[in-house]
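> Protein chains in written order, with my numbering: chain B, 74 to 188; chain W, 222 to 333.
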């Protein structure tokens, strides 16, 4: 157990639908990162939050949004889902942006399947 | 642009041999590098990191080498074991930023 909790582990939904993925960072970590991993692809950075504020954006689609709440958990919202959105979505956390004794700690991911 | 790439997509080694996984990065401003191991169905797991003010760092059975001149990173695994079979990713971080930029990954297969 890495200390980063992601729910749900698996999600199957239809095209056009909207889903919410949840992440609880490791205790003490203030920064949360979301990554997308498609089949045979590396990890693509989506977005980063630090203490409730958006810190950096990557290749995140306009159909996707995220937020970090006062209790530091984060949610990634994916809407108007397309088949190509099927992927593993990982959340990672660190003490502060760019800092961490052992890099960033990743959760076990949410596998999203759009049918 | 942002690009961290791996020279070999797959690597097959015999149990007990040493493994070397290579990575090229493109941003000379990156000052922190990490190697992650990802087993099937799991999230990336930290292996070892190195800062740009170092050339080499050793862990338990693993060594990371950094060559800033040619922007090259390598991960050496000594006495490779079947449990080392996984996909290995290198990642880089630029100063002042928080996000990690990942390479495509190398799949390491260890034959018993």
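All C-beta atoms in this analysis are idealised placements derived from N, C-alpha and C, irrespective of residue type, glycine included.
(1) Taking only three categories from DSSP, how would you classify residue 294 of chain W?
(2) Flag residue 302 of chain W as yes if its beta-carbon sits less than 8 Å from any beta-carbon of chain B, otherwise no.
(3) Could you name the residues of chain B that residue 264 of chain W contacts, counting a contact when the two beta carbons are closer than 9 Å?
(4) Pull up the distance between the alpha-carbon of residue 121 of chain B and that of residue 183 of chain B, whole angstroms please.
(5) Bridge partners for residue 148 of chain B per DSSP, in chain order?
(6) Which residues does DSSP pair with residue 185 of chain B in a beta bridge?
(7) Can you name the residues of chain B whose CB is closer than 8 Å to the CB of residue 322 of chain W?
(8) Residues in its own chain within less than 6 Å of residue 313 of chain W by CB, not counting five upstream and five downstream?
(9) Please classify residue 156 of chain B as buried or exposed, where buried requires at least 16 neighbouring CB atoms within 10 angstroms.
(10) Note down, in chain order, each residue of its chain lying with its Cβ closer than 6 Å to the Cβ of residue 301 of chain W, except the 5 sequence neighbours on either side.
(11) State buried or exposed for residue 179 of chain B, treating a residue as buried only when at least 16 other CB atoms are found within 10 Å of its CB.
(12) Starting from residue 248 of chain W, trace the beta strand (DSSP E) both ways and give me its first and last residue.
(13) Buried or exposed for residue 285 of chain W, please, with buried defined as at least 16 other CB atoms from any protein chain shown within 10 angstroms of its CB.
(14) So residue 125 of chain B contacts chain W; which residues on that side make the cut at Cβ distance below 9 Å?
(15) Under three-state DSSP, which class holds residue 270 of chain W?
(16) Starting from residue 307 of chain W and walking both ways along the beta strand (DSSP E), at which residues does that stretch end?
(17) Are residue 154 of chain B and residue 90 of chain B close, meaning C-beta to C-beta below 8 Å?
(18) Relative to the C-alpha of residue 289 of chain W, which candidate in W:281, W:283, W:280 and W:274 has its C-alpha closest?
(19) Shortest alpha-carbon distance to residue 75 of chain B belongs to which of B:102, B:161 and B:144?
(20) Identify, in the order they occur along the chain, each residue of the same chain with its Cβ nearer than 7 Å to the Cβ of residue 160 of chain B, setting aside the five sequence neighbours on each side.
(21) If you measure between the beta carbons of residue 256 of chain W and residue 287 of chain W, is that distance less than 8 Å?
(22) Give, in chain order, every residue of the segment 92–110 of chain B whose Cβ lies closer than 7 Å to some Cβ of chain W.
(23) Nearest to residue 148 of chain B by CA position, among B:177, B:93 and B:162, is which residue?
Short version:
(1) As a position in the second chain, residue 294 of chain W is number 73, starting the count at 1. Here residue 294 of chain W sits in strand by DSSP.
(2) In the second chain, counting from the first residue as 1, residue 302 of chain W sits at position 81. Answer no: the Cβ-Cβ gap between residue 302 of chain W and chain B never drops below 8 Å.
(3) The residue given as residue 264 of chain W occupies position 43 in the second chain. Under the 9 Å cutoff, chain B gives 75, 77, 79, 161, 163, 164, 165, 178, 179, 180, 181 and 182.
(4) For the purposes of this step, residue 121 of chain B is taken as the residue at position 48 of the first chain. For the purposes of this step, residue 183 of chain B is taken as the residue at position 110 of the first chain. The straight-line gap from Cα to Cα measures roughly 17 Å.
(5) Locating residue 148 of chain B in the first chain gives position 75, counting from the first residue. BP columns for residue 148 of chain B point to B:95 and B:140.
(6) Working through the first chain from its first residue, we reach residue 185 of chain B at position 112. Answer by DSSP bridge pairing, in chain order: B:84 and B:160.
(7) One-based indexing of the second chain puts residue 322 of chain W at position 101. 118, listed in chain order.
(8) Position 92 of the second chain, counted from the start, is the residue given in the question as residue 313 of chain W. Counting only Cβ-Cβ distances below 6 Å, and skipping sequence neighbours, we find 225, 246, 251, 254 and 322.
(9) Locating residue 156 of chain B in the first chain gives position 83, counting from the first residue. Burial call: exposed.
(10) As a first step, residue 301 of chain W is located in the second chain; it is residue number 80 there, counting from the start. Within the same chain, residue 301 of chain W has close Cβ partners 234, 238, 240 and 331.
(11) Counting from one through the first chain, the residue named residue 179 of chain B turns up at place 106. By the 10 Å Cβ count, residue 179 of chain B comes out buried.
(12) The residue labelled residue 248 of chain W in the question sits at position 27 within the second chain. Segment: none, residue 248 of chain W is in no beta strand (DSSP E) and carries neither H nor E.
(13) The residue given as residue 285 of chain W occupies position 64 in the second chain. So residue 285 of chain W ends up on the buried side.
(14) Translated into positions along the first chain, residue 125 of chain B becomes position 52. Per Cβ cutoff of 9 Å: no residues; residue 125 of chain B is ~14 Å from chain W at best.
(15) What you label residue 270 of chain W is simply residue 49 of the second chain in a count that begins at 1. Here residue 270 of chain W sits in strand by DSSP.
(16) Here residue 307 of chain W refers to the residue found at position 86 when the second chain is read from its first residue. It spans 307–314 - the beta strand (DSSP E) in which residue 307 of chain W sits, taken as one unbroken run.
(17) Here residue 154 of chain B is taken as the residue at index 81 of the first chain, counted from 1. Here residue 90 of chain B is taken as the residue at index 17 of the first chain, counted from 1. In this structure, residue 90 of chain B lies closer than 8 Å to residue 154 of chain B by Cβ.
(18) If you number the second chain from 1, residue 289 of chain W lands on position 68. Taking only the C-alpha atoms, the option nearest residue 289 of chain W is W:274.
(19) Along the first chain, read from residue 1 onward, the residue named residue 75 of chain B stands at position 2. The option with the nearest alpha carbon to residue 75 of chain B is B:102.
(20) One-based indexing of the first chain puts residue 160 of chain B at position 87. Around residue 160 of chain B: 109, 110, 111 and 185.
(21) On the second chain, position 35 is the one that residue 256 of chain W refers to. On the second chain, position 66 is the one that residue 287 of chain W refers to. Not closer than 8 Å, so no.
(22) 104 and 106
(23) The count along the first chain starts at 1 and reaches residue 148 of chain B at position 75. Ranking the options by Cα distance to residue 148 of chain B, first place goes to B:93.
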